[in-house]
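Here the protein sequences come in this chain order: Z and R.
Residue numbers for the first sequence follow our numbering, beginning at 49 and rising by one.
Residue numbers for the second sequence follow our numbering, beginning at 11 and rising by one.
Even for Gly, the Cβ is constructed at its ideal location relative to N, Cα and C.
Scroll down for the structure; my scribbles are underneath it.
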Amino acid sequence: MYAGMLRVRLFEERVRELFAGGRIPGFLHTSVGQEAIAVGTAAALRPDDYVLSTHRGHGHLVAKGGALRGLMAELYGKATGICHGKGGTMHIADVSVGYLGANGVLAAGCVLAPGVALSIRHRKSGQVVVAFFGDGAANRGPFHEGVNLAALWSLPVVFVCENNRWASTTAHRRSAAGGAIAARAAGYGIPGESVDGNDVLAVHAAVARAAARAREGAGPSLLEAHTIRWVGHFEGDPQAYRGKDEVAEGRARDPIARLAARLRESARLDDAGAERIRAGVVAEIDDAVAYAEASPLPEPHDALADLYAHYPWRD
Amino acid sequence: MDFGEALNLALREEMRRDGRVYCIGEDIVLGVPFGVTKGLVEEFGPERVLDAPISEAAIVGSAMGAAMTGLVPVVDMHFADFVTCAMDEVANQIAKSRYMFGGQVDCPLVLRMPYGIGRSGGGHHSNSVEAWFINIPGLKICIPSTPADARGLLKTAIRDPDPVLVFEHRGLYRMPGEVPAEETLVPLGVAEVKRPGRDVTVIATARLVHESLEAARRLAEEGIAVEVVDPRSLVPLDRDTLAASVRHTHRVVIAEEGPMRGGTGGWLAWVVMEECFDDLDAPIVRVAGPNVPVPFSPPLEAFVTPKADDVVAAVRQVVK
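Next comes the structure, spelled out in structure tokens:
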């Protein structure tokens, strides 16, 4: 999980640099500082379990095992991107690792998840599906509809709220009545648990419990993982709405440094080991960037492909 | 067999054929209010005939989640008007799933859309909303007018690897008609000439097909031979059959039930002009509802309902 978090962190930091350098088009939302939730969750899942993600979803995909080459090339808008340049940062999917899509619409995954779970139940595959969403998304109807349906039918879903205190630029306390998102679970008769989202072991344990419960047929759970966004809502966000002390607090609770300290205490990580891990991750990211840079842009008329199963289609 | 029974037959046939097909919607176990899903639970059980809470976003969204991972959901929208409560799921999620993900997933689901004017349904239970969806790339749209077409198109929609909306006019559910004894599929994108005629082509959908046939019978007495062409599916559209008819008659009326502004007839008129503008001997005339919501009171509702009289008037205008 240490290597996994470092992988997400360094990937996101590289993407920020590339975006600032004009290599990546679009709007960019990165998850720097929030790595423990993506990695702790993915580590508690089976490889064939599903994830439905958000607009801030790179970390979820990297943690779930998505190949960095296809992901980076997609962020570049290249033909070799996992979605051939049709999705980009906010609409990317890698079905081969069970990542059923980032999403530009908040809480959208909360209503897709019960259907994925129906399919799991039909196939008796014992999988679970995780629906990630943010604290802002918890105020949308699909959150409530999705949790209600999953609870009603005891479906194998784990709802994971990443509460980073900000719905875009609006504070959590100014957008969510009642405060705790986890407390909303009580209204649907399912377990609701609040965890330190900057403690990867705590996240892992909570998701493992929820996933085990789901696999047993006992139904969904709602986890609220508290974290802090180190960066703006989007790249270039001047963040006039919050003080610098919040980012300082986030850095002081850096999930990677915290796990490293624990590993060093128990002599499971030393300087040489940390350097070896970092070098491996950097090499992988370098390779992904080189692949994306060398890849061709899509042919413009490829904009017409992939709409229907059969191509060309006719109006 | 009536239109609703034909749809019920299609569902039974497809659910027997393919264990991945399931139905989901509000009140579908009892088949309320139109009876289309009545009796399915006795044959297929509650695992495949799912009565959902009144949660349109979750019903439609879950259908996409299931479709992407191996099932074939058939959603009963109860009243098509309520699709607004799941518009993100239809327009942003379902329609774009294959495209945005670069072809990684199929999304084989069907949205059954009971729609249309009549019996004082009022503003939230009467709208003809098919025009909203022809502007959304990624969806397929069919709109049957007879029991045989209803059965054949629904069966095709269920087997299609893409999301298909089936618009079922609620005024047609109890309409009887011949349905072939053998299993018959009606392909998407194949129009049918419902009545041949040499003078004017009337392109009409669903209930307006029947109004147009009535208009054609009346006009025949005046010596005007009307050809009624039913596209049957709006996406994909059978341009060839429409164009062939127009090249033969040189005059066109396009009839639909929903509001005139932004209606499907505007798109069809453009297609006709693109395919065969030089064959037209008169401007195209459209029949559609006025640009108001559907009112409740019977005389008000009757006023905004396009009918045979309107088609007759439109035909007289193009042959003038």
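Chain R partners of residue 377 of chain Z, CB-CB under 8 angstroms? Nothing can be reported for residue 377 of chain Z, as the shown portion of chain Z is limited to 49 through 363.
Under the DSSP definition of a beta bridge, which residues are partnered with residue 237 of chain R? R:211
Distance between residue 62 of chain R and residue 50 of chain R (C-alpha atoms, nearest Å): 15 angstroms
For a minimum of 3 consecutive residues, which ranges assigned as the beta strand (DSSP E) are wholly contained in the segment 248-299 of chain R? 262-269, 295-299
Collapsed DSSP secondary structure at residue 319 of chain Z in the structure displayed: helix
Excluding the 5 residues preceding and the 5 following residue 117 of chain R in the sequence, name in chain order all residues of the same chain whose CB lies nearer than 7 angstroms to its CB. 74, 77, 78, 104, 107, 108, 172, 173
Is there a C-beta anywhere in chain Z that falls below 7 angstroms from the one on residue 37 of chain R? no
Under 8 angstroms by beta carbon: chain Z residues contacting residue 102 of chain R: 152, 153, 156
Starting from the Cα of residue 205 of chain R, find the closest Cα among R:223, R:151, R:196 and give me that residue. R:223
How about residue 80 of chain Z and residue 60 of chain Z: are their beta carbons less than 7 angstroms apart? yes
Spatially closest choice to residue 352 of chain Z from R:110, R:65, R:59, by CA coordinates: R:110
Under 7 angstroms between C-beta atoms, does residue 320 of chain R make it to chain Z? no
In chain R, what lies closer than 7 angstroms to residue 193 of chain Z by C-beta? 65, 67, 68
Quick check on residue 302 of chain R: buried or exposed, where buried means 16 or more other Cβ atoms within 10 Å of its Cβ? exposed
Which value, in whole angstroms, describes the spacing of the CA atoms of residue 298 of chain Z and residue 276 of chain Z? 5 angstroms
Measure the C-alpha to C-alpha separation of residue 363 of chain Z and residue 158 of chain Z and round it to an integer number of angstroms. 33 angstroms
Which bits of chain Z does residue 75 of chain R rub up against, with CB to CB less than 9 angstroms? 98, 100, 148, 157, 159, 160, 161, 162, 163, 164, 165, 166, 167, 177
Collapsed DSSP secondary structure at residue 188 of chain R in the structure displayed: coil
Are the beta-carbon atoms of residue 274 of chain R and residue 267 of chain R separated by less than 7 angstroms? no
Exposure of residue 287 of chain R, with buried meaning 16 or more beta-carbon neighbours within 10 Å: exposed
Using DSSP with H/G/I as helix, E/B as strand and the rest coil, what is residue 220 of chain R? helix
Mind pulling the beta strand (DSSP E) runs of 3 or more residues that sit fully within the segment 138-172 of chain R? 150-152
Would you check if the segment 89-102 of chain Z and the segment 142-149 of chain Z touch, i.e. whether three or more CB-CB distances between them fall below 8 angstroms? yes
Endpoints, alpha helix (DSSP H) assigned at residue 71 of chain R: 66-78
Validate contact between the segment 242-261 of chain Z and the segment 181-197 of chain Z using beta carbons, cut 8 angstroms, 3 pairs: no
If you scan the segment 158-240 of chain Z from start to end, which runs of the beta strand (DSSP E) of 3 or more residues do you find wholly inside it? 177-182, 205-211
For residue 357 of chain Z, return the contacting residues in chain R, with the cut-off set at a CB-CB distance below 7 angstroms. 116, 171, 172
Start-end ranges of the beta strand (DSSP E) lying completely within the segment 67-116 of chain Z, minimum 3 residues: 98-100
Residues of the segment 332-347 of chain Z with Cβ closer than 8 angstroms to any Cβ of chain R, in chain order: none
Since residue 142 of chain Z contacts residue 118 of chain Z with CB under 8 angstroms, what's their CB separation in whole angstroms? 7 angstroms
Is any beta-carbon of chain R found at less than 7 angstroms from that of residue 326 of chain Z? no
Can you find a C-beta in chain Z that's less than 7 angstroms from the C-beta of residue 243 of chain R? no
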